[in-house]
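Single-structure report; data block below.
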Ligand code: ADP
Ligand code: MG
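Here is the structure:
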């Protein structure tokens, strides 16, 4: 487990960028944190680290947004509005989770039962006692390897 403290959106972006840059094909990340905590900032950094120039925001109308132009495919899931894991089956999530791209899943706790054995959990939290722009980012490895 690794804890990174950031004190500005730029630092959170930079952490995402670094992780994106180091990512190996097939890697899955889950991204957990309340609204407004910095999940999109982090995701944009990760996209940058994957050499994606296209603007990245939250996939509002779809469960997954696919970016193909970077150094490997980037699958950005937001499962916040999902009713049932069957919706994941319908979009063929396994092709993404077990493919050769990078998968990032926001609100992954809602689809816990279909997460792969190996993934990295990124949790972003505020601590207002440490300031408005402070974030504690916990990176935890699940499963045996990547
Ligand atoms: P989410 O996607 O989790 O709802 P966003 O990334 O859209 O959150 O928004 C995070 C907001 O918090 C942005 O307005 C950003 O500027 C601000 N912010 C302040 N400090 C930080 C920090 N250390 N890391 C990330 N975002 C921060
Ligand atoms: Mg967001």
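Residue numbers (this note's numbering): 62 to 207.
Cβ atoms here follow ideal geometry from the backbone N, Cα and C, with glycine treated the same way.
Residue span of the beta strand (DSSP E) that contains residue 73, given as start and end: In the chain shown, residue 73 corresponds to position 12, counting from 1. That residue, residue 73, is in no beta strand (DSSP E); its alpha helix (DSSP H) goes 70-83.
Can residue 100 be considered in contact with ligand 2, in the sense that its beta carbon sits closer than 8 Å to one or more heavy atoms? Taking the chain shown and counting its residues from 1, the one referred to as residue 100 is at position 39. Yes.
Whole-Å CB distance - residue 113 paired with residue 138, under 8 Å assumed: Taking the chain shown and counting its residues from 1, one reaches residue 113 at position 52. Taking the chain shown and counting its residues from 1, one reaches residue 138 at position 77. Contact flag wrong, Cβ pair sits at about 16 Å.
Would you please state the rounded distance, in angstroms, between the beta carbons of residue 172 and residue 143? I believe it to be under 8 Å. Position 111 of the chain shown, counted from the start, is the residue given in the question as residue 172. Position 82 of the chain shown, counted from the start, is the residue given in the question as residue 143. Correct: roughly 7 Å between the Cβ atoms.
Which residues share a DSSP beta bridge with residue 129? Here residue 129 refers to the residue found at position 68 of the chain shown. Bridge partners of residue 129: none, in fact.
8 Å Cβ shell around residue 174 - same chain, five flanking residues per side excluded: On the chain shown, residue 174 is found 113 positions in, with the first residue counted as 1. Result list for residue 174: 146, in chain order.
From this set, 84, 122 and 67, which residue's C-alpha is nearest residue 162's C-alpha? The count along the chain shown starts at 1 and reaches residue 162 at position 101. Ranking 84, 122 and 67 by Cα distance to residue 162 puts 84 first.
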